[in-house]
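Written below as structure tokens is the structure these notes are about.
There are 2 protein chains.
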Amino acid sequence: MLELAILGLLKEQALHGYELKKRLSEMLGPFSGASFGSLYPALRRLEAAGAVEAVASDPVARPIPMTGSLGGELAAFAARRRSAAGAKGGRTRRVYAITSSGQQLFEELLAADSGSTDDDRTFNLKLAFARHLPPAGRVNLLERRRAQLVQRLSQARANARARRGLLDAYSRSVLEHCRETTERDISWLEQLIAAEKGSVK
Amino acid sequence: MLELAILGLLKEQALHGYELKKRLSEMLGPFSGASFGSLYPALRRLEAAGAVEAVASDPVARPIPMTGSLGGELAAFAARRRSAAGAKGGRTRRVYAITSSGQQLFEELLAADSGSTDDDRTFNLKLAFARHLPPAGRVNLLERRRAQLVQRLSQARANARARRGLLDAYSRSVLEHCRETTERDISWLEQLIAAEKGSVK
DNA sequence: CCCCGATGTATCGATCCGATATAACGGTAG
DNA sequence: CTACCGTTATATCGGATCGATACATCGGGG
């Protein structure tokens, strides 16, 4: 859910699309579900829903080039002209800020269960924003994830028993590596859960 | 690339959509990029491209219910009637087999480089089919993947240095866990590469 | 001065996903 | 026997995402 990621970042400060994407990429690694082709439509959706609003078509928003006030006014004029002309691309920044209804939407999305259909990426995203969750919500998120991985693991094991011998070495290697990764994920989660409960106590 | 997965499975034996999905799910875990909403369109694409062909609208393809030849003929008739009526859903199996041009397409997709835009799932898929690759192709695949992960890792580290202190404990935990997972992936790859080179020698 | 690379917004087509509809079959409870 | 239910099976829809590409502006170096 890209919306959640966007709202979470805008919650801290108003940003424009390009910067948003950079932060997203470095926050979730390269597998963030963030590309311009999905980011800009998502921003439009959020804007249409009233969850975010454009705060300033601030042209480049950089310390004024100190050639007197004239420079600033010219830049502003140029921005207006570009905006009015329906410029199809270009460098004029569109800075978005979160609204109060966006804040609310963020809370809802963060706490949403989605009935175990929570993607791997969605979980990482939610955990990265766990600071905005109440302690009970954090534990809940971690426990749900843990249950999901445990189930996935037992299913993988049952499957491995059923098909032992039918697969070649490469397939088996992939499967086993996945199994190990899942096991490590689970023990990571258990550490986090323990830490969470320890801090509450 | 779902096409690659489908062709790889059909290479071993002719299958229908439902079975294809089951094998896909247990082959790549639950993150196989396989859902009916993408599987059936992919089959249609492959059929249109001549890479696969329907071999029999075999109704349930089960040992004939031993009531003489009549049972079989009735079933075949029912299947023909259903097929002609343009049935919108239902249980009539559509079994697909790979064609020689499909074999060729499979080789191409498996060996394709895609200029480092290879997804995590795509890599796992290709590795699972590495048996169909020449030894040099296997090493190439593994080395490419390793280079990709090494780059991802160094980027993540540079990023961590830059933003140290700006992130809360949850974000940092996610990031660090990702880093560890990537490191393990790399050492796994290095094992595979060593094994591959050892077996060649 | 002019081109190059980084910054920035935007869109297109293709693909993939989750939900849902449709339908036939096997078994079992009444 | 039938009425229902869970599994098997194909198919489609709308929406989300992706990768590629286009367009536009700015700063800096040759």
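Chains as they are written, first to last, in the numbering used here: chain A, 1 to 201; chain B, 1001 to 1201. Glycine residues also receive a C-beta, built at the ideal position from the N, C-alpha and C atoms.
With a 10 Å radius around the Cβ and a threshold of 16 neighbouring Cβ atoms, B/Tyr1096 comes out buried.
For B/Ile1098, DSSP records a beta bridge to B/Val1052. Interface with chain B (8 Å Cβ-Cβ cutoff): A/Gly198 is excluded. A/Gln148: member of the alpha helix (DSSP H) spanning Pro135 to Arg163, first to last residue. When rounded, the separation of the alpha-carbon atoms in B/Ser1173 and B/Gly1037 is 35 Å. Taken through DSSP and simplified to helix, strand or coil, B/Leu1010 comes out as helix.
B/Ala1034 sits close to B/Leu1002, with the two beta carbons spaced by under 8 Å.
When Cβ pairs closer than 8 Å are counted between the two stretches, the segment 1142 to 1153 of chain B is seen not to touch the segment 186 to 196 of chain A, the count staying below three. Burial check for A/Lys21: the Cβ neighbour count within 10 Å reaches 16 or more, so the residue is buried. Going by DSSP, B/Phe1123 is part of the alpha helix (DSSP H) stretching over Asp1120 to Ala1128.
According to the DSSP assignment, B/Ser1032 belongs to no alpha helix (DSSP H), since it is labelled neither H nor E. Around the CB of A/Gly29, 16 or more other CB atoms lie within 10 Å, so the residue is classed as buried. Straight-line measurement puts the Cα of A/Ala128 at about 4 Å from the Cα of B/Ser1171. As a beta-bridge residue in DSSP terms, B/Leu1015 pairs with B/Tyr1096. Relative to the Cα of B/Leu1004, the nearest Cα in the group B/Ala1169, B/Ile1193, B/Glu1108 and B/Gly1165 belongs to B/Glu1108. At the C-beta level, A/Gly17 and A/Leu46 stay beyond 8 Å of one another. Taking a C-beta distance under 8 Å as the contact criterion, A/Leu7 and A/Phe106 qualify as a contact pair. Listed in chain order, the positions of the segment 1011 to 1029 of chain B with a beta carbon within less than 7 Å of a beta carbon of chain A are Glu1026, Met1027 and Gly1029. Around the beta carbon of B/Glu1026, 16 or more other beta carbons lie within 10 angstroms, which makes this residue buried.
Within its own chain, the residues whose Cβ lies closer than 6 Å to the Cβ of B/Leu1153, once the five positions on either side in sequence are excluded, are Thr1182, listed in chain order.
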